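First the structure, in the form of structure tokens, and then the observations on it.
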Amino acid sequence: MDRVAVLDWSSSGVPKLGKDSIWLGVAQNGQVQAENHATRAAAYDALHRLVADTLAAGETLLLGVDFSLGYPQGFGRALMGDDRPLALWGWMAAQITDSPNNAHNLRMVAAQANAAFAGDGPFWGNGAKADIPGLPRKKPQLTAGLAEFRATEIAAQKAGLRPKSCWQLAGAGAVGAQAMVGLHWLEKLRHAFAGQVAVWPFEQATAPIVIVEVYPALLDQDVAAALAHNPSLVRDALQVQMLAQALQGLAKAGQLAPLFAQPHPMAQVEGWIFGLGHHIALRAALPAGVLPPRLRDDCFAMPQGVNWVPVDQALARLRGALHPVTGTETCPIARAHGRVLAQDCFARRPNPPMPNAAVDGYGFAHAATGAGPQRLPLVAGRAAAGQPYPGVVPPGAAVRILTGAILPAGVDTVVLEEDTALDGAAVVFDGPVKPGANTRKAGEDVPAAAPVLPMGARLRAPDLALLSAVGIAQVPVYRRLRVGVLSTGDEIISSPNQPALPHQIYDANRPMLLALAESWGYQPVDLGHAPDQPEVIAQRLNQGAAEADVIFTSGGASAGDEDHVSALLRASGTLSSWRIALKPGRPLVLAMWQGVPVMGLPGNPVAALVCALIFGRPALSLLAGAGWTQPQGFWVPAAFHKAKKPGRREYLRARLNADGAAEVFQSEGSGRISGLSWADGLVELPDAAIDIGPGTMVRFMPYAGFGI
Ligand code: AMP
Ligand code: MG
153 MDRVAVLDWS SSGVPKLGKD SIWLGVAQNG QVQAENHATR AAAYDALHRL VADTLAAGET
213 LLLGVDFSLG YPQGFGRALM GDDRPLALWG WMAAQITDSP NNAHNLRMVA AQANAAFAGD
273 GPFWGNGAKA DIPGLPRKKP QLTAGLAEFR ATEIAAQKAG LRPKSCWQLA GAGAVGAQAM
333 VGLHWLEKLR HAFAGQVAVW PFEQATAPIV IVEVYPALLD QDVAAALAHN PSLVRDALQV
393 QMLAQALQGL AKAGQLAPLF AQPHPMAQVE GWIFGLGHHI ALRAALPAGV LPPRLRDDCF
453 AMPQGVNWVP VDQALARLRG ALHPVTGTET CPIARAHGRV LAQDCFARRP NPPMPNAAVD
513 GYGFAHAATG AGPQRLPLVA GRAAAGQPYP GVVPPGAAVR ILTGAILPAG VDTVVLEEDT
573 ALDGAAVVFD GPVKPGANTR KAGEDVPAAA PVLPMGARLR APDLALLSAV GIAQVPVYRR
633 LRVGVLSTGD EIISSPNQPA LPHQIYDANR PMLLALAESW GYQPVDLGHA PDQPEVIAQR
693 LNQGAAEADV IFTSGGASAG DEDHVSALLR ASGTLSSWRI ALKPGRPLVL AMWQGVPVMG
753 LPGNPVAALV CALIFGRPAL SLLAGAGWTQ PQGFWVPAAF HKAKKPGRRE YLRARLNADG
813 AAEVFQSEGS GRISGLSWAD GLVELPDAAI DIGPGTMVRF MPYAGFGI
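Set out below in structure tokens:
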């Protein structure tokens, strides 16, 4: 199996995210991800995409679902005279309705199934307030020779697990309800990809897509250990990810076959928990360590013989080497500004939730109006935002209505106040008015359960407005990336609070790099300043590896005698010194220190800033879960002269003059810190040669486009 997906299902009657909602863990290529879906319909779409992608790639998929695929023997026969479990799926598909907003009729269908039995019938449990005739709230005496548990559940009990009966439809972890609103989606999937999907153990597991029943509690001990390590993880997300990883581990090792061996004579009729009896093998197949995976020590290695690398190639290489390194947590939206979404977010309610008035005016039923002058008597009272009109507006009458008021019963159209006159107790206006005029439809902005923001989105102020409007109070986010910053050099004095001798200089890079990290939404970690002494640098890097997820150093990063950062990282065996065809910039040093990536920036503040903006920013964004970033730039006429040689990319400190043309700082000297502050951005000159004079178009990249 090339891919493994594990589905944690939910029978919720309303859209729901987070704990106890639908989670889908997908393992492929040694990576694992968990998606959270607010509705079954959205989860089905995701499954459909996953299956289609898998087939298009010519790959195979094992799909494990956490509800029973069959019922105790005899149920199908008693219900519809057919013992074949997949015939029951068809029956479910015909009876169950399951709306895009998660509303379902499973209790009615259970009551209907019960009616086929003498006495109470097998299904019981009603989580709803209203009684449902034919669906007992308490466990009934079973009749018709039906067992409470399937053979696989009895086997699971013997193994110390506590599976619930599939007849039980209410109460914590009631899997019965989940199966009733799950099987029909699987039936749909089976038909959508007819001939490509097999349901084990009812069918041979030889199709490219194999559906099995799983029991994520098999890995409970390991899930508990991972949660103890990182309490902010969502348990359901972890469960599906870990089971998917374990199954993929077995698949990769060629050890899945024993799990498919015919387990029990009853399995063909009732279904079977995949992996039952094999949980030690499953646990052993879990990858070492806790999510998320760390970067590999050799991830920055350049192929042998590579000399000068063009900027774009270096960026592509960096992009390929990195992936998110932070765990996830839940964050209330009041504190979510700048945070990165760890899951797709779905609307918890539509926006607007109800049809309402878009203007101040008068509301009425369109059907009772026509062309020419209209005179509609007004009902007493009014409809205002937050103050709904309690009555019904009869056809031919109108009601005073204000912007944002929900449309009262009987009203579907609003005429703008300015287009009307009052005539005693009636409103007068010229028809015809368009049906639905001046109203907003329910969900016209965001439909119920619609996706609103994708995983990886960095939340800006307008995003918070959207999340709040659709009823999302908290969001799953990546933990804030911690960025360590260390300056090196014997000549550097940490802070202008301290005296400096003539041969000493104040640290310009560290305040700059710490501020960059902060404006990018990360947690800056000040690792201070180290003299050019390997022991001190090593000790600061140790601190960085413990307190940060990534470390920026500046200074000492070339290959000379005094380049102690590169010497140390070289000695640790993970150094890769990228010679990038870039001005300003010297080699960019990349290495791993105790599992934490280190980016060695040049000491020169101008080069340090350019390298941090061009290489550091997208790298941090990827590590933080927000994906790769491309700086924004736009083309403007130059207001300067320059003849640029071919062979390397150049960035000049620049700003726009009153005419909107780019002027550059008078000196290209890379020690000129004043130029960094004078500028509002950079002009990017291409790798090739170029002759620039006033009016030549050049690409200006404002600091704001770099997020600063
Ligand atoms: P290095 O990369 O260590 O050879 O340093 C290159 C130049 O940048 C030297 O002139 C250093 O003095 C200067 N430099 C290094 N680190 C800093 C810093 N943190 N602040 C200001 N200048 C620095
Ligand atoms: Mg130095």
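Per our numbering, the sequence shown runs over residues 153 to 860.
Just so it is clear, CB atoms sit at the ideal spot from N, CA and C, and this is done for glycine as well.
Because the structure is a prediction, the values reported are computed rather than measured.
Inset, instruction - Kindly confirm or deny that the region 668 to 681 and the region 636 to 644 touch, where touching means at least three C-beta pairs closer than 8 Å. - result: yes
Legend entry - Cα-Cα separation between ALA359 and MET153, rounded to whole angstroms: The residue given as residue 359 occupies position 207 in the sequence shown. The residue given as residue 153 occupies position 1 in the sequence shown. Taking the straight line joining both Cα atoms gives about 11 Å.
Legend entry - Three-way DSSP call (helix, strand, coil) for HIS200 in this model: Residue mapping note: residue 200 aligns to position 48 of the sequence shown, counting from 1. Reduced to three states, the DSSP call for HIS200 is helix.
Legend entry - Test item: CB-CB of PRO540 and ALA594 under 8 Å: To locate residue 540, count along the sequence shown from 1; it is residue 388. To locate residue 594, count along the sequence shown from 1; it is residue 442. No, the Cβ-Cβ distance between PRO540 and ALA594 is not below 8 Å.
Inset, instruction - Name the two residues that bound the continuous beta strand (DSSP E) containing CYS763. - result: Start at 1 with the first residue of the sequence shown, and residue 763 comes out as number 611. No beta strand (DSSP E) contains CYS763, which is instead part of the alpha helix (DSSP H) from 757 to 763.
Legend entry - Boundaries of the beta strand (DSSP E) in which HIS681 is found, first to last residue: The sequence position of residue 681 within the sequence shown is 529, counting from 1. HIS681 -> beta strand (DSSP E) spans 675 to 682.
Legend entry - Endpoints, the beta strand (DSSP E) within which PRO854 is located: Taking the sequence shown and counting its residues from 1, one reaches residue 854 at position 702. It spans 849 to 854 - the beta strand (DSSP E) in which PRO854 sits, taken as one unbroken run.
Inset, instruction - List the endpoints of the continuous beta strand (DSSP E) containing MET232. - result: As a position in the sequence shown, residue 232 is number 80, starting the count at 1. Looking at the DSSP string, MET232 is not in any beta strand (DSSP E); the run it does join, the alpha helix (DSSP H), is 227 to 232.
Legend entry - GLY636 - DSSP class collapsed to helix/strand/coil: In the sequence shown, counting from the first residue as 1, residue 636 sits at position 484. Reduced to three states, the DSSP call for GLY636 is strand.
Inset, instruction - Would you mind working out which of TRP730, ASN694, ALA195 sits nearest GLN465, comparing C-alpha positions? - result: Taking the sequence shown and counting its residues from 1, the one referred to as residue 465 is at position 313. Comparing Cα positions, the closest option is TRP730.
Inset, instruction - Determine the direct distance from the alpha carbon of ASP218 to that of GLY755, and round the result to whole angstroms. - result: For the purposes of this step, residue 755 is taken as the residue at position 603 of the sequence shown. For the purposes of this step, residue 218 is taken as the residue at position 66 of the sequence shown. Roughly 55 Å between the two C-alpha positions.
Inset, instruction - Counting only the same chain and skipping the five closest in sequence on each side, list residues whose C-beta sits under 6 Å from that of VAL741. - result: As a position in the sequence shown, residue 741 is number 589, starting the count at 1. Excluding positions up to five away in sequence, the list reads ALA709, SER718, SER729, GLY752.
Inset, instruction - With a 10 Å radius around its C-beta and 16 neighbouring C-beta atoms as the bar for buried, classify PRO542 as buried or exposed. - result: Position 390 of the sequence shown, counted from the first residue, corresponds to residue 542. PRO542 should be labelled exposed.
Inset, instruction - Kindly list the residues whose CB is nearer than 6 Å to the CB of LEU470, restricted to its own chain and excluding five residues on each side of it in sequence; keep chain order. - result: Taking the first residue of the sequence shown as 1, we reach residue 470 at position 318. Around LEU470: ALA771.
Inset, instruction - Compute the minimum distance between the beta carbon of GLU643 and the heavy atoms of ligand 1, and state whether it is under 7 Å. - result: Along the sequence shown, read from residue 1 onward, the residue named residue 643 stands at position 491. Checking the Cβ of GLU643 against ligand 1 gives yes.
Legend entry - Residues near ALA267 in its chain [Cβ-Cβ closer than 7 Å; skip 5 each side]: Locating residue 267 in the sequence shown gives position 115, counting from the first residue. Cβ neighbours of ALA267 beyond the five flanking positions: GLY273, GLY286.
Inset, instruction - Find out if the Cβ-Cβ distance for the pair ALA810, ALA791 is shorter than 8 Å. - result: Working through the sequence shown from its first residue, we reach residue 810 at position 658. Working through the sequence shown from its first residue, we reach residue 791 at position 639. No, they are not a contact pair.
Legend entry - Contact between the region 177 to 196 and the region 287 to 302 (3+ Cβ pairs under 8 Å): no
Legend entry - Separation of GLY707 from VAL604, as counted between CA atoms: Here residue 604 corresponds to residue number 452 of the sequence shown, with the count starting at 1. Here residue 707 corresponds to residue number 555 of the sequence shown, with the count starting at 1. So the two alpha carbons sit approximately 44 Å from each other.
Inset, instruction - Could you tell me how far apart the beta carbons of ALA179 and VAL156 are, in whole angstroms, since I believe they sit closer than 8 Å? - result: As a first step, residue 179 is located in the sequence shown; it is residue number 27 there, counting from the start. As a first step, residue 156 is located in the sequence shown; it is residue number 4 there, counting from the start. Contact flag correct, Cβ pair sits at about 5 Å.
Legend entry - Cβ-Cβ separation, ARG534 to ARG552 (assumed contact under 8 Å), whole Å: Numbered from 1 along the sequence shown, position 400 holds the residue referred to as residue 552. Numbered from 1 along the sequence shown, position 382 holds the residue referred to as residue 534. Correct: roughly 4 Å between the Cβ atoms.
Inset, instruction - Give the DSSP bridge partners of ILE657, in chain order. - result: Working through the sequence shown from its first residue, we reach residue 657 at position 505. Answer is ILE644.
Inset, instruction - For LYS404, name the three-state secondary structure that DSSP assigns. - result: Looking up residue 404 in the sequence shown gives position 252. Reduced to three states, the DSSP call for LYS404 is helix.
Inset, instruction - Determine the closest residue to ILE825 out of ASP843, LEU804, ASP450, with distance taken between C-alpha atoms. - result: Numbered from its first residue, the sequence shown carries residue 825 at position 673. The shortest Cα separation from ILE825 among ASP843, LEU804, ASP450 belongs to LEU804.
Legend entry - Straight-line Cα distance separating VAL375 from ASP832: For this step, residue 832 is matched to residue 680 along the sequence shown. For this step, residue 375 is matched to residue 223 along the sequence shown. Taking the straight line from one Cα to the other gives about 50 Å.
Inset, instruction - Taking only the alpha-carbon atoms, compute the straight-line gap between ALA536 and GLY556 and give it to the nearest angstrom. - result: Taking the first residue of the sequence shown as position 1, residue 536 is located at position 384. Taking the first residue of the sequence shown as position 1, residue 556 is located at position 404. Roughly 7 Å separates the two Cα atoms.
Legend entry - Minimum C-alpha distance to ARG610 - residue among LEU428, ARG662, GLY673, LEU666: Taking the sequence shown and counting its residues from 1, one reaches residue 610 at position 458. Closest by alpha carbon: GLY673.
Legend entry - Cβ shell of GLN348 (< 7 Å), same chain only, five flanking positions each side left out: Looking up residue 348 in the sequence shown gives position 196. So the list reads LEU207, ALA359, PRO360, ILE361, once near-sequence residues are dropped.
Inset, instruction - Would you give the residue range spanned by the beta strand (DSSP E) that MET332 belongs to? - result: The residue labelled residue 332 in the question sits at position 180 within the sequence shown. Taken as a continuous stretch (DSSP letters only), MET332 belongs to no beta strand (DSSP E), being part of the alpha helix (DSSP H) at 327 to 332.
Legend entry - Any alpha helix (DSSP H) of 4 or more consecutive residues that is wholly inside the region 287 to 363: 303 to 310, 327 to 332, 335 to 344
Inset, instruction - Just mark GLU687 as buried or exposed, buried being the case when its beta carbon has 16 or more other beta carbons within 10 Å. - result: Sequence index remark: in the sequence shown, residue 687 carries index 535 (1-based). GLU687 is exposed by the Cβ-count criterion.
Legend entry - Cβ pair LEU370, LEU434 closer than 8 Å: For the purposes of this step, residue 370 is identified with residue 218 of the sequence shown, where counting begins at 1. For the purposes of this step, residue 434 is identified with residue 282 of the sequence shown, where counting begins at 1. Yes. Within cutoff.
Legend entry - Reference VAL702, options GLN685, PRO736, ARG634, closest by Cα: For the purposes of this step, residue 702 is taken as the residue at position 550 of the sequence shown. Measuring from the Cα of VAL702, the nearest candidate turns out to be ARG634.
Legend entry - Contact check, ASP388 vs TRP161, beta carbons under 8 Å: Within the sequence shown, numbered from 1, the residue matching residue 388 stands at position 236. Within the sequence shown, numbered from 1, the residue matching residue 161 stands at position 9. Cβ atoms of ASP388 and TRP161: not closer than 8 Å.
Legend entry - Bounding residues of the beta strand (DSSP E) (the contiguous stretch that carries HIS518): Locating residue 518 in the sequence shown gives position 366, where the first residue counts as 1. Here HIS518 belongs to no beta strand (DSSP E), and DSSP marks it neither H nor E.
Inset, instruction - Would you identify the three-state DSSP class for VAL442, choosing helix, strand or coil? - result: On the sequence shown, residue 442 is found 290 positions in, with the first residue counted as 1. Unreliable positioning characterises VAL442 in this predicted model, as indicated by a pLDDT of 46, which lies under 50. A coordinate reading is not provided.
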